[in-house]
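Step one of this worksheet: look at the structure below.
Protein chains: 2
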Amino acid sequence: MRKFVGGSSLSSLLIRSFQLQNRHRSLSSSQSRFLSSSTIPLLHSVTTMGGPSSNISPPVTLQTINPKVGSFRAYAFMGDYFALAKVKLGLEWVGNILETCTKGFGDGYVVKCEYAVRGEIVTLAQRLQEDLKANPGSHSFDEILYCNIGNPQSLGQQPITFFREVLALCDHPTILDISETQGLFSADAIERAWQILDQIPGRATGAYSHSQGIKGLRDTIAAGIEERDGYPADPNDIFLTDGASPAVHMMMQLLIRSEKDGILCPIPQYPLYSASITLHGGTLVPYYLDEASGWGLETSELKKQLEAAKSKGIDVRALVVINPGNPTGQVLAEDNQKEIVEFCKKEGLVLLADEVYQENVYVPDKKFHSFKKVSRSMGYGEDDISLVSFQSVSKGFYGECGKRGGYMEVTGFTADIREQIYKMASVNLCSNISGQILASLVMSPPKVGDESYESYSAEKDGILSSLARRAKTLEDAFNNLEGVTCNKAEGAMYLFPRIALPQKAIKAAEAANTAPDAFYCRELLNATGIVVVPGSGFGQVPGTWHFRCTILPQEDKIPAIVTRLTDFHKGFMDKFRD
Amino acid sequence: MRKFVGGSSLSSLLIRSFQLQNRHRSLSSSQSRFLSSSTIPLLHSVTTMGGPSSNISPPVTLQTINPKVGSFRAYAFMGDYFALAKVKLGLEWVGNILETCTKGFGDGYVVKCEYAVRGEIVTLAQRLQEDLKANPGSHSFDEILYCNIGNPQSLGQQPITFFREVLALCDHPTILDISETQGLFSADAIERAWQILDQIPGRATGAYSHSQGIKGLRDTIAAGIEERDGYPADPNDIFLTDGASPAVHMMMQLLIRSEKDGILCPIPQYPLYSASITLHGGTLVPYYLDEASGWGLETSELKKQLEAAKSKGIDVRALVVINPGNPTGQVLAEDNQKEIVEFCKKEGLVLLADEVYQENVYVPDKKFHSFKKVSRSMGYGEDDISLVSFQSVSKGFYGECGKRGGYMEVTGFTADIREQIYKMASVNLCSNISGQILASLVMSPPKVGDESYESYSAEKDGILSSLARRAKTLEDAFNNLEGVTCNKAEGAMYLFPRIALPQKAIKAAEAANTAPDAFYCRELLNATGIVVVPGSGFGQVPGTWHFRCTILPQEDKIPAIVTRLTDFHKGFMDKFRD
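First to last, the protein sequences are chains X and C.
For the first sequence, UniProt numbering assigns the number 1 to the initial residue and increments by one for each residue that follows.
For the second sequence, UniProt numbering assigns the number 1 to the initial residue and increments by one for each residue that follows.
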C-alpha cells in the first residue's frame, strides 16, 4: 500500500512554498507585524477569561506585543496548544509549518494562526476525559490514550532506580552518614552521591554553579562522550542546560541577526526549530526528507535548497540535523553523515546536531554515530568544522522529561565566540543542579561489577526492547490500513504515517474549517480516545497528509490501540471513500 | 561621614546621561552593530583558547553574530564575567550601566565593552585561590572571601531540612512505602511528599508538566499568596519558571518590539534587567534611586524620566521595581508603593515587580507588602492595572539558587495576551519539577503542630536573624571608613556603600586603564582576599563610585572581613589621599 509523491512533484511544491514565503515577506512590516484592529473582535469573541472591561485600552494588547511572539506557533503537541492546522491561504490548505509559522502574514492570516494554536484537539481530549470520569460509559471507549507527546513517564514508564537514588541522596545529603540509609539505597548509589557531592564546591547542591555547569560533572560527561566516540572530549566544550531546548535557543540567538539569516531545517521537523527561528527573527530554510527512501536526507536536496535560499538573498548560517529523526524516526547511515559533514565544511555552515535520541535505536542494522565522531573519523578537527551536539535527559530509555537536564557540546568555534556563548549562558546564571547531576549519570551509568549494574541493565533493556516491539507492532498496523503507508521507526519515539485522504474527506474538512489531517485526527479522537498530532504541526510536503504517533503507551495498551485504530480507519474510509 | 550629591546636581548628570545615550543611538546600525575588522586583532591578541588557524574564515565570527548578543554585558558578578568598568568615553570615565550596556556604541567602544566582561577580578580571585592552595602563606590572607554574589549555600548556608526531605522523597518515591523511611524522614515530610505526588498526574515527577507548572502546585502557591496578601489569587495566573530570570525574559520578549520600546528601570539595578532589555532589542529608560533618602524611589523622578523618554520618541511599556532592592537593600513604604501603582495606572505602564527578596527584611519598622496587595487595597482589580510579580526559591532564608525554581503571578492582562504568554512558556515545555515542588513548599511551609514546625522555625529564624546582624555589622563598618557612606540594608542581601575616591586614586585607575571603582575593588582583593562588585556593574550616578558587598559570608567570618577591610581602606586612603 506504499505510494509516494515522486521527486519532480516534490520540487515544484518546494518552489511554490518559497514563492509563498516571499509573498509574505514582501508585505510591509507595519502590515505584517500586527493584527489590524478590524480583526480583533473575532479574537475577542472567543476569549472566555476575564479581562479589562473599562474603556481605557489596556497597556498591552495584541497590537502592541512583540510581533515575533504573536506570529510564532506554539508547540504542536503541548497541552492546550495542540496543532490544529486551520490556516487557509486563498482556496488552498497549507498545512506546512513554513507557511504557518514564519513572519510576514497578512493580518487576517495571523488571526487564523492564533486560532490554530487554541488547541481544539487536546482541549477536546481533556473534555472527553472529564466526561468519562463523570459519566463512565458515555463514550465508546473507556480511556484517553495520549500518543501525542514524547513524555514516557506520563504514560507509566518508571524512572531508572539508580538515577533516582542518586538524585534523592544529593537532595538530602545529611542522610548519607546514617546507617539506615544503607538499607534503603544501593551501595553504589551512596558511593556515587558522595563522588558527586565532592565534585560540587562546598557540597552545595543548592548553590548556583559555574554558568556552564559544575566542572566535575562536565568532566564526567566529557569522559562519557570519549567512551562513546573514541575521540577526545573537552569538559570546557560542555554547556549544561535545562533540557535541550534552551541550548537550541542559545545557538539561534547567537546566529540570527535578521530575517536575512537562514537556518536549514528538515521538513518534517520538531517544531522547536521553527518556533525558535521565528522568535529570534530569522528565516527557516527547508530541506525535505525523502519519504520514499525512508525519510532519507539527500545532500543534493540540501544543496538545492541552499542555492535557492542564497538566490533570495538569504545568508544561510547553519544546518539542523535531527538524528535519530523526530517526527520521522530514521537513523542516518554513517556514509550519509560524512556527506553532511563535508557539505557543512564546504559551505561554511554550523552543523547543529540534535542527538537527543542517541540511545533510542531499535533496528539491528542501524547504529547511532555522533556527528563529532564522524567528523573526527574524517580527520576534521577544531579548525575544520563548527559543530554543536544537543543531548537531553528527557529522551533515551530514561525519559526524565520533568528533570530538565541536558547539555550541548560546542566544538570548532573561536575563543571569542565561545566567550559570547558563555555570556549568554550566564544570563540565567546556571541550569538546575538536579538536571546537571542526571545528565552526568546518563553519560556514566553503573558499570559491570557495580551493585546496581544488573537491575540497571534489566530496566534499560526492558524499556528499549519493549519500545522496539511497540514500534514494530504500530508500524505494521499502520501499513495494514487502506491508503496508509508508514516508514519504519528505526529510532526515536515516533511513527509518522502518511494517509492518502479521499477527496470527500478533504472537502468535509474544508467544510469544518479544519485542515484535512487535523480533521482525521479529531475524528480519530472522537471515535477512539486516541490522541495523535496532525502532520501539519511538523511540516510535510504540501498536499500530503500525515500524523505523528508516539510508541510510548505501555505495551499492554498497544493491542487495544491497534484494534480501535483499525476499526476507526475502516469506518472513516467507508464513509469518505471517493 | 555621610555626604551626598544633591538633587540638582543629580538632574544635570541625568540629562547628560540621556544625551550620551542619544549620541550613541544616532550612529548608523551598520556602524554600531559590529566590531570593525580593524579592531579585531586587539581582541584576538587576548584570546587564549585554541581556534581555527586555517586561512578559511570560520562560519561564525564576532562580525557575524547577533549584535544584540555582542553588545550586551554579562552579569557583573558571575564567574569570569565579573564587571570591570573599563569603558572610557572621551576623557571621562563612564561607569554607568546605561552607557556601557545599551546598543549603539562606536566600534572601539564595543571592543572595550567586550574587554570589560572578561572578568579580571574573579579570574584574579580564582588565581589567588589556587595560589593559596599551592603555596599556603604566599599572601597576606589565608582565604578568598566571596562577597560578590547572592549565593548563600555556596558560603556554607545550610538548606532548610524539611524542604530537602520532601524533595528527596519526591525524587525517589519508591521508598515512601518502606518502614525504614520513617526513621530517616520526618512524618510531615512523608505526608507532604504523598500530597505532592497525588497532585502530579500519574505521580510522575519525571514527566513534562503543564507549561505553566503542575496545577496542584499552583493551587498551593495561590493559597500561599492569598494567605500572605489577604486577597484572592488565581492558580491560572501562576507561571512556574526555572528561577525568576526566565520569567523576566519572557515579559521583556512579550513587551519589546524595537529599540523604540522603553522599560523604566531603577539605577542602580540588578543587571538581569539591562541584559534582558538589550538582548530583546529594547531601550532601558533609567530612573535614579535617591541615595540621600536611603535609595528612595520618587514618583517625580519616574515622571521626569518618562517624559524625557517620550520626548525622544520612546514608547515606555513598563516599570521595573525591585523591592526589597538589589543592590540597594531598601524596603519600600506602603504609601510609596501606592504612588507607584497610581503612576503605572495613570501612565498605562505594566508594573514588573521583582519581589524575590520578600522574605528578606531585617528592620522592625519595615514590612514587605506585595504590589498586588497594595493595588488591591486601593480598590484596583484585574481591569485597572497590569502587574507581574516575580518570586524565586533562590533568595529568602532558603537560598536554593541551584534548584532554579520560581514563578511569576500575572494579573491584569486580557485573555488573548495571556495566551501569548502561555505560548512562550510552552516553547521550553515546562520548568523543572523539583524547582516547581520547592516553589510550592516555600509558599506553604510547615505549620504550627506539624512535626517539622519547630526545627523549620528555628532554621528560618536562625538564618534571618544572623543575616540581620551581619548586615548591621557590615553597614557600621563601612560607615566608619573615611569617605565612605552606606545606607542601611533594610532587606535583600546586599550593601551598596559609596566611596568618595581621592583624585589621585582616580588618576591611578586611569593610568591602569580601569574604572576607579573597579580599581578599588581590585586593590581590595589583592590586599585582603575579599571579592566585591564595582558599582559600575549595576549603574550609579556618573562620577559617584560604589561597590556591592553581600551580607552572606558566615557570621564567624564577618569580624575578619571588617578588620581586613578597615586596614586596607586606611592604607588605600593614606596612599592616594589628595
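Backbone N, C-alpha and C define an ideal beta-carbon position, used for all residues, glycine too.
These numbers were taken from a predicted model, which means no experiment stands behind them.
Which residues of the stretch 473-502 of chain X have a Cβ closer than 8 Å to any Cβ of chain C? Give them in chain order.
none
Shorter than 9 Å from the beta carbon of N326 of chain C to some beta carbon of chain X?
Translated into positions along the second sequence, residue 326 of chain C becomes position 326. No, no contact with chain X.
Under a three-way DSSP split, which group does F576 of chain C fall into?
In the second sequence, counting from the first residue as 1, residue 576 of chain C sits at position 576. In the structure shown, F576 of chain C sits in a helix (DSSP, three-state: H, G or I).
Give the interface partners of M424 of chain C over in chain X, defined as CB-CB distance under 7 Å, in chain order.
Residue numbering aside, residue 424 of chain C sits at position 424 when the second sequence is read from its first letter. Ordered by position in chain X, the residues that pass the 7 Å Cβ test against M424 of chain C are V69.
Cut-off 8 Å between Cβ atoms - residues of its own chain near N55 of chain C, not counting five sequence neighbours on either side:
Residue mapping note: residue 55 of chain C aligns to position 55 of the second sequence, counting from 1. Confidence at N55 of chain C is low in this model, with a pLDDT of 48, below 50, so the placement of that residue should be treated as unreliable; the coordinate-derived value is given next. None.
Around the Cβ of G462 of chain C, are there at least 16 other Cβ atoms within 10 angstroms (buried) or fewer (exposed)?
As a working note, residue 462 of chain C is residue 462 in the second sequence. Under this definition G462 of chain C is an exposed residue.
Neighbour flag for A318 of chain X against chain C, beta carbons, 9 Å
The residue labelled residue 318 of chain X in the question sits at position 318 within the first sequence. Answer yes: the Cβ-Cβ gap between A318 of chain X and chain C drops below 9 Å somewhere.
Going by the CB atoms, is the gap between K504 of chain X and R577 of chain X shorter than 9 Å?
Position 577 of the first sequence holds residue 577 of chain X. Position 504 of the first sequence holds residue 504 of chain X. Going by C-beta atoms, R577 of chain X is nearer than 9 Å to K504 of chain X.
For M424 of chain X, report the span of its alpha helix (DSSP H) as first-last.
As a first step, residue 424 of chain X is located in the first sequence; it is residue number 424 there, counting from the start. Element bounds for M424 of chain X: 415-427.
Use the C-beta contact count for L240 of chain C: other C-beta atoms within 10 angstroms, 16 or more gives buried, fewer gives exposed.
For this step, residue 240 of chain C is matched to residue 240 along the second sequence. L240 of chain C should be labelled buried.
Neighbourhood of S444 of chain X by C-beta, 6 Å cutoff - its chain only, sequence neighbours within 5 removed
Residue numbering aside, residue 444 of chain X sits at position 444 when the first sequence is read from its first letter. These residues qualify, in order along the chain: T220, G224.
Within 9 Å of any Cβ in chain C, is that where the Cβ of residue 586 of chain X sits?
Past the boundaries of the shown model lies residue 586 of chain X; chain X is included only from 1 to 578, so the question cannot be answered.
Is the beta carbon of S440 of chain C sitting closer than 9 Å to the one on D242 of chain C?
Looking up residue 440 of chain C in the second sequence gives position 440. Looking up residue 242 of chain C in the second sequence gives position 242. It is not a contact, given that the beta carbons lie outside the stated cut-off.
Where Y520 of chain X and E555 of chain X are concerned, what is the direct C-alpha to C-alpha distance, given to the nearest angstrom?
Position 520 of the first sequence, counted from the first residue, corresponds to residue 520 of chain X. Position 555 of the first sequence, counted from the first residue, corresponds to residue 555 of chain X. In a straight line, the C-alpha of Y520 of chain X is about 25 Å away from that of E555 of chain X.
If you run the structure through DSSP and keep just helix, strand and coil, what is W295 of chain C?
Against the second sequence, residue 295 of chain C aligns to sequence position 295. Residue state, collapsed to three classes: coil.
Report the rounded CA-to-CA distance for P559 of chain X versus P173 of chain C, giving the unit in angstroms.
For the purposes of this step, residue 559 of chain X is identified with residue 559 of the first sequence, where counting begins at 1. For the purposes of this step, residue 173 of chain C is identified with residue 173 of the second sequence, where counting begins at 1. Going from the Cα of P559 of chain X to the Cα of P173 of chain C covers about 30 Å.
Taking 9 Å as the CB-CB limit, is Y208 of chain X close to chain D?
Considering every chain present, this structure includes no chain D. Its protein chains are X and C.
Pick from X:A308, X:N326, X:G313: whose alpha carbon is nearest that of G294 of chain X?
In the first sequence, counting from the first residue as 1, residue 294 of chain X sits at position 294. Ranking the options by Cα distance to G294 of chain X, first place goes to X:N326.
Does A134 of chain X come out as helix, strand or coil in the three-state DSSP assignment?
Numbered from its first residue, the first sequence carries residue 134 of chain X at position 134. It is helical.
Could you tell me the alpha carbon to alpha carbon distance between T411 of chain X and S386 of chain X, rounded to whole angstroms?
Locating residue 411 of chain X in the first sequence gives position 411, counting from the first residue. Locating residue 386 of chain X in the first sequence gives position 386, counting from the first residue. If I take the Cα positions, the gap works out to 6 Å.
Cβ closer than 8 Å: which chain C residues qualify as neighbours of S434 of chain X?
Position 434 of the first sequence, counted from the start, is the residue given in the question as residue 434 of chain X. In chain order: D171, K403, N432, S434.
Which partner residues does W545 of chain C have in the DSSP bridge list?
On the second sequence, position 545 is the one that residue 545 of chain C refers to. Its beta-bridge partners are C:I499.
Which residue marks the beginning of the beta strand (DSSP E) containing Q391 of chain X, and which one marks its end?
Locating residue 391 of chain X in the first sequence gives position 391, counting from the first residue. Segment 387-392, the beta strand (DSSP E) holding Q391 of chain X.
Based on Cα-Cα distance, which residue from C:D383, C:A333, C:S455, C:A509 lies nearest to V361 of chain C?
Taking the second sequence and counting its residues from 1, the one referred to as residue 361 of chain C is at position 361. Answer by Cα proximity: C:A333.
Inspect the beta-carbon positions of G329 of chain C and A489 of chain C and report whether they are closer than 9 Å.
Position 329 of the second sequence, counted from the first residue, corresponds to residue 329 of chain C. Position 489 of the second sequence, counted from the first residue, corresponds to residue 489 of chain C. Yes.
Quick check on this structure: which residue in C:M493, C:I340, C:L429 has the alpha carbon closest to the alpha carbon of P553 of chain C?
Locating residue 553 of chain C in the second sequence gives position 553, where the first residue counts as 1. The option with the nearest alpha carbon to P553 of chain C is C:M493.
Exposed or buried, which one is G230 of chain X when buried takes at least 16 other CB atoms within 10 Å?
Along the first sequence, read from residue 1 onward, the residue named residue 230 of chain X stands at position 230. Exposed is the call here.
Below-9 Å beta-carbon distance, Q253 of chain C vs any chain X residue:
On the second sequence, position 253 is the one that residue 253 of chain C refers to. Output row for Q253 of chain C: interface = yes.
First and last residue of the uninterrupted alpha helix (DSSP H) at F239 of chain C:
Counted from its first residue, the second sequence places residue 239 of chain C at position 239. F239 of chain C -> not in any alpha helix (DSSP H); beta strand (DSSP E) instead, spanning 238-241.
Nearest CA to the CA of P159 of chain X: which residue from X:G313, X:G402, X:H280, X:P58?
Mapped onto the first sequence, residue 159 of chain X falls at position 159. With distances taken between Cα atoms, P159 of chain X lies closest to X:G402.
Name the one or two DSSP bridge partners that L438 of chain X has.
Position 438 of the first sequence, counting from 1, holds the residue named residue 438 of chain X. Answer by DSSP bridge pairing: none, since L438 of chain X is not bridged.
According to DSSP, is E409 of chain C helix, strand or coil?
Along the second sequence, one-based indexing puts residue 409 of chain C at 409. Of the three classes helix, strand and coil, the one that applies to E409 of chain C here is strand, per DSSP.
Reference V316 of chain C, options C:L284, C:P324, C:E291, closest by Cα
Stepping through the second sequence from its first residue, residue 316 of chain C is reached at position 316. Comparing Cα positions, the closest option is C:L284.
For a contact meaning CB atoms closer than 8 Å, what does S154 of chain X contact in chain C?
Reading the first sequence from its first residue, position 154 is the one you call residue 154 of chain X. P201, G202, A204, A207, Y208, listed in chain order.
Does any residue of chain X have a CB that is nearer than 9 Å to the CB of R218 of chain C?
To locate residue 218 of chain C, count along the second sequence from 1; it is residue 218. Output row for R218 of chain C: interface = no.
Does any residue of chain X bring its CB to less than 9 Å from the CB of L272 of chain C?
Numbered from its first residue, the second sequence carries residue 272 of chain C at position 272. Interface residue, yes.
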